[in-house]
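K.L.:
Right, I'll just put the structure down here and ask away after.
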Amino acid sequence: MSKGVSEIVATVLMILIVSTIGLGVFLYSMGYFSGITSARYEATKVEINAILENFRIADAEFVDGTPSQVRLAVYNYGNVGIDLAAIYVNGTPLALQTPVKRLEPRQTDWFTGTYDGPIPEGTLYVRIATLKGSVYEEAFQIGG
Amino acid sequence: MRRNSRKGVSTVIGMAIFLVIFAMSASYTLIWTQHFSDYSNAVKGQLEFEQLRSSERLTVEVFKDDSGYWLKVSNPTGQVVVVTQVWSNHKYQTGEWGIPPFGSARIDVSMSGHDDNFKLVTSRGNVFSGSYVPVGGPRPGWWSVEWYNISTPLGSSAWYNLDINLHWYRYTNTYLGFNATSKLRVVNETPRVVIKEDLLPSVNLTIMVNDEIKKLGDWKEAIYNITNVIEGETYEFTILLNTTGYDDDFDLSIAFIGLDFAGD
Numbered sequence: 001m002s003k004g005v006s007e008i009v010a011t012v013l014m015i016l017i018v019s020t021i022g023l024g025v026f027l028y029s030m031g032y033f034s035g036i037t038s039a040r041y042e043a044t045k046v047e048i049n050a051i052l053e054n055f056r057i058a059d060a061e062f063v064d065g066t067p068s069q070v071r072l073a074v075y076n077y078g079n080v081g082i083d084l085a086a087i088y089v090n091g092t093p094l095a096l097q098t099p100v101k102r103l104e105p106r107q108t109d110w111f112t113g114t115y116d117g118p119i120p121e122g123t124l125y126v127r128i129a130t131l132k133g134s135v136y137e138e139a140f141q142i143g144g
Numbered sequence: 145m146r147r148n149s150r151k152g153v154s155t156v157i158g159m160a161i162f163l164v165i166f167a168m169s170a171s172y173t174l175i176w177t178q179h180f181s182d183y184s185n186a187v188k189g190q191l192e193f194e195q196l197r198s199s200e201r202l203t204v205e206v207f208k209d210d211s212g213y214w215l216k217v218s219n220p221t222g223q224v225v226v227v228t229q230v231w232s233n234h235k236y237q238t239g240e241w242g243i244p245p246f247g248s249a250r251i252d253v254s255m256s257g258h259d260d261n262f263k264l265v266t267s268r269g270n271v272f273s274g275s276y277v278p279v280g281g282p283r284p285g286w287w288s289v290e291w292y293n294i295s296t297p298l299g300s301s302a303w304y305n306l307d308i309n310l311h312w313y314r315y316t317n318t319y320l321g322f323n324a325t326s327k328l329r330v331v332n333e334t335p336r337v338v339i340k341e342d343l344l345p346s347v348n349l350t351i352m353v354n355d356e357i358k359k360l361g362d363w364k365e366a367i368y369n370i371t372n373v374i375e376g377e378t379y380e381f382t383i384l385l386n387t388t389g390y391d392d393d394f395d396l397s398i399a400f401i402g403l404d405f406a407g408d
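In order, the protein sequences belong to chains A and B. Everything in the first sequence is counted per this note's numbering, starting at 1 for the first residue and increasing by one. Everything in the second sequence is counted per this note's numbering, starting at 145 for the first residue and increasing by one.
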């Protein structure tokens, strides 16, 4: 008789333990997959927006002074807004007048960086970058 | 009996667990696939856009007249190109100028403070440029025309054109012909004279370049090369018409190609 009871108790206990572990694993995996899905969604959105970022330098003005200025007219010809975040001249990052410049689709605006010392003569490789990592580079001939 | 009953229950539970796992996996796979599909569609759209962008071509010619500068923009491609900005001297004007396929459009420059160099930015982000070149554009000028053998000037502003069309009324005209001179600059490697209608041999037409006869008499409807001239140089061109011995009306239609009125 007592042998029969302990068998039932053992079975109930086993069912409880297995159910608890199963439920735990289930809930954990739900959270895990949900997190991955959410992260993947965000990453895809960022990647898609980065792909759709289309911009270029429409005009550039190099003003000698202390400090010198590099003024770039940037045209966003894409269908998503862009956040300009960096200017590089020959690989050197410039200090920006506006840390992040927002350009809506079809908008053109000046994006200015300051350059220590006079603007060097010759070919200047100017690169601009967005917060999402898209870049545009163009070479400008300065002087002779 | 009891054993068989338990076996059935575990099968059902196993099946239920399998279904839960399968449903979860399938739903997440579906979501991830959808993300990949969105990404692929974005890439595809961008590639199509780049294809259209790379096939844009425009030719920009800059002209200046009394009303100011204007641009003649020609589109040699089979797709519409939309110009959205015109830049000059770090200033710009915006608008929306559609250039039809294989056609052209005029853009009037309305901004102030511009120079002779213009950049056009299209809606797809391409930039095309053109400059005003005084020696290359249509230059105002004239022919100085005198009556034949009388030296009575008709006026220095008689003809403003290098495409001359006139009807000679022989019966009412007391003069025998005319002598028209102008300074023309050679802008093409092989300048030409175009005679658009046959002239009778008795109508004596002579073309002279710096007093050197290039062609006289027996003009047929044709295009004649003007030889021994150098591109970029300026010469005095003379059109000499003598109708002595000819008693009828006629049309003279003559055009000069690859030449332009000299600046001074």
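Where is the CB? At the ideal position from N, CA and C, for every residue including glycine.
On a Cα-Cα basis, can you pick out the residue from Gly-133/A, Leu-131/A, Arg-127/A that is closest to Phe-140/A?
P.N.:
Here residue 140/A corresponds to residue number 140 of the first sequence, with the count starting at 1. The shortest Cα separation from Phe-140/A among Gly-133/A, Leu-131/A, Arg-127/A belongs to Arg-127/A.
K.L.:
Starting from the beta carbon of Glu-137/A, find every residue of chain B whose beta carbon is closer than 7 angstroms, and list them in chain order.
P.N.:
By one-based count along the first sequence, residue 137/A stands at place 137. Within chain B, no residue comes near Glu-137/A; the closest Cβ sits about 14 angstroms away, beyond 7 angstroms.
K.L.:
Per the DSSP calculation, Lys-364/B is bridged to which residue(s)?
P.N.:
For the purposes of this step, residue 364/B is taken as the residue at position 220 of the second sequence. BP columns for Lys-364/B are empty, so no partner.
K.L.:
Cα separation between Gly-78/A and Asn-54/A?
P.N.:
By 1-based counting over the first sequence, the position of residue 78/A is 78. By 1-based counting over the first sequence, the position of residue 54/A is 54. Approximately 5 angstroms, taken between the alpha carbons.
K.L.:
Note down, in chain order, every chain A residue with its Cβ under 7 angstroms from the Cβ of Arg-268/B.
P.N.:
Taking the first residue of the second sequence as position 1, residue 268/B is located at position 124. Those within 7 angstroms of Arg-268/B in chain A are Tyr-77.
K.L.:
Residues of chain A with a CB under 8 angstroms from the CB of Met-255/B: which are they?
P.N.:
As a working note, residue 255/B is residue 111 in the second sequence. Ordered by position in chain A, no residue passes the 8 angstroms Cβ test against Met-255/B, which lies about 13 angstroms from the chain.
K.L.:
Whole angstroms are fine: how far does the CA of Val-226/B sit from the CA of Val-25/A?
P.N.:
Locating residue 25/A in the first sequence gives position 25, counting from the first residue. Locating residue 226/B in the second sequence gives position 82, counting from the first residue. Going by the C-alpha atoms only, they are around 59 angstroms apart.
K.L.:
One question on the structure: do Leu-384/B and Trp-363/B come within less than 8 angstroms of each other, judged by their Cβ atoms?
P.N.:
Translated into the one-based positions of the second sequence, residue 384/B becomes position 240. Translated into the one-based positions of the second sequence, residue 363/B becomes position 219. Result no, Cβ atoms of Leu-384/B and Trp-363/B do not sit closer than 8 angstroms.
K.L.:
Could you say which of Arg-268/B, Leu-215/B, Asp-307/B, Gly-189/B lies nearest to Ser-254/B if we only look at CA atoms?
P.N.:
Taking the second sequence and counting its residues from 1, one reaches residue 254/B at position 110. Of the candidates Arg-268/B, Leu-215/B, Asp-307/B, Gly-189/B, the one whose C-alpha sits nearest the C-alpha of Ser-254/B is Leu-215/B.
K.L.:
Roughly how many angstroms lie between the CA atoms of Gly-281/B and Ala-58/A, to the nearest whole one?
P.N.:
What you label residue 281/B is simply residue 137 of the second sequence in a count that begins at 1. What you label residue 58/A is simply residue 58 of the first sequence in a count that begins at 1. For Gly-281/B, the pLDDT reaches just 43, beneath the cut-off of 50, and the residue's location in the model is therefore unreliable, although a value from the coordinates is still provided. Those two C-alpha atoms are separated by around 26 angstroms.
K.L.:
Can you tell me the Cα-Cα spacing of Val-80/A and Thr-334/B, whole angstroms?
P.N.:
Here the question's residue 80/A lines up with position 80 in the first sequence. Here the question's residue 334/B lines up with position 190 in the second sequence. As the crow flies, the alpha-carbon of Val-80/A is around 52 angstroms from that of Thr-334/B.
K.L.:
When you compare only the Cα positions, how much space is there between Asp-391/B and Trp-312/B?
P.N.:
Working through the second sequence from its first residue, we reach residue 391/B at position 247. Working through the second sequence from its first residue, we reach residue 312/B at position 168. Taking the straight line from one Cα to the other gives about 11 angstroms.
K.L.:
Hey, which unbroken runs of the alpha helix (DSSP H) at 4 residues or more fall wholly within the stretch 34-115 of chain A?
P.N.:
none
K.L.:
Give the DSSP-derived three-state secondary structure of Thr-20/A in the structure shown.
P.N.:
In the first sequence, residue 20/A corresponds to position 20, counting from 1. Helix, per DSSP.
K.L.:
Considering only residues of the same chain and omitting the five flanking positions on each side of Gly-113/A, which have a CB-CB separation below 6 angstroms?
P.N.:
Along the first sequence, read from residue 1 onward, the residue named residue 113/A stands at position 113. Only Val-70, Ile-87, Leu-94, Leu-96 meet the Cβ criterion.
K.L.:
Identify the continuous beta strand (DSSP E) that holds Glu-121/A and give its terminal residues.
P.N.:
Counted from its first residue, the first sequence places residue 121/A at position 121. Looking at the DSSP string, Glu-121/A is not in any beta strand (DSSP E), and its letter there is neither H nor E.
K.L.:
How long is the line joining the alpha carbons of Ser-397/B and Leu-310/B, rounded to whole angstroms?
P.N.:
In the second sequence, residue 397/B corresponds to position 253, counting from 1. In the second sequence, residue 310/B corresponds to position 166, counting from 1. When only Cα atoms are considered, Ser-397/B and Leu-310/B end up about 6 angstroms apart.
K.L.:
Let me know if Lys-188/B comes out buried or exposed under the rule of 16 or more other beta-carbons within 10 Å of its beta-carbon.
P.N.:
Walking along the second sequence from the start, residue 188/B turns up at place 44. Exposed.
K.L.:
By the 10 Å Cβ neighbour count, where 16 or more other Cβ atoms means buried, how is Thr-238/B classified, buried or exposed?
P.N.:
As a first step, residue 238/B must be located in the second sequence, where it is residue number 94. The residue is exposed, with fewer than 16 neighbouring Cβ atoms inside 10 Å.
K.L.:
Pick out the complete beta strand (DSSP E) segments inside the stretch 331-376 of chain B, 3 residues or longer, and give them in chain order.
P.N.:
Listed in chain order, the complete beta strand (DSSP E) runs (minimum 3 residues) inside the stretch 331-376 of chain B are 336-339, 348-353, 356-360, 366-369.
K.L.:
From which residue to which residue does the beta strand (DSSP E) around Val-263/B run?
P.N.:
Start at 1 with the first residue of the second sequence, and residue 263/B comes out as number 119. Looking at the sequence shown, residue 263/B is not Val but Lys. Counting along the chain, the beta strand (DSSP E) containing Lys-263/B begins and ends at 261-266.
K.L.:
Enumerate in chain order the residues of its own chain whose CB-to-CB distance from Ser-199/B is below 7 angstroms, with the five nearest sequence positions on each side excluded.
P.N.:
By one-based count along the second sequence, residue 199/B stands at place 55. Contacts found: Thr-221, Gln-223.
K.L.:
Along chain B, which residues have their Cβ under 7 angstroms away from the Cβ of Arg-40/A?
P.N.:
Translated into positions along the first sequence, residue 40/A becomes position 40. Correct list: Trp-176, His-179.
K.L.:
Under 7 angstroms Cβ to Cβ from Lys-132/A, same chain only, skipping five residues before and after it: list those, please.
P.N.:
To locate residue 132/A, count along the first sequence from 1; it is residue 132. Val-46, Asn-49, Ala-50, Glu-53, listed in sequence order.
K.L.:
Between Asn-90/A and chain E, is there a C-beta pair that is closer than 8 angstroms?
P.N.:
Looking at the structure shown, chain E is missing, and the protein chains on hand are A and B.
K.L.:
Using the C-alpha atoms, what's the distance from Val-156/B back to Gly-22/A?
P.N.:
In the first sequence, residue 22/A corresponds to position 22, counting from 1. In the second sequence, residue 156/B corresponds to position 12, counting from 1. Going by the C-alpha atoms only, they are around 16 angstroms apart.
K.L.:
Check whether chain A comes within 8 angstroms of Met-159/B, counting only Cβ atoms and requiring the distance to be less than that.
P.N.:
The sequence position of residue 159/B within the second sequence is 15, counting from 1. Cβ-Cβ to chain A under 8 angstroms: no for Met-159/B.
K.L.:
Taking C-beta to C-beta, are Val-289/B and Val-330/B nearer than 8 angstroms?
P.N.:
Your numbering for residue 289/B matches position 145 in the second sequence. Your numbering for residue 330/B matches position 186 in the second sequence. It is not a contact, given that the beta carbons lie outside the stated cut-off.
K.L.:
Please classify Tyr-28/A as buried or exposed, where buried requires at least 16 other C-beta atoms within 10 Å of its C-beta.
P.N.:
Within the first sequence, the letter at position 28 stands for residue 28/A. Tyr-28/A should be labelled exposed.
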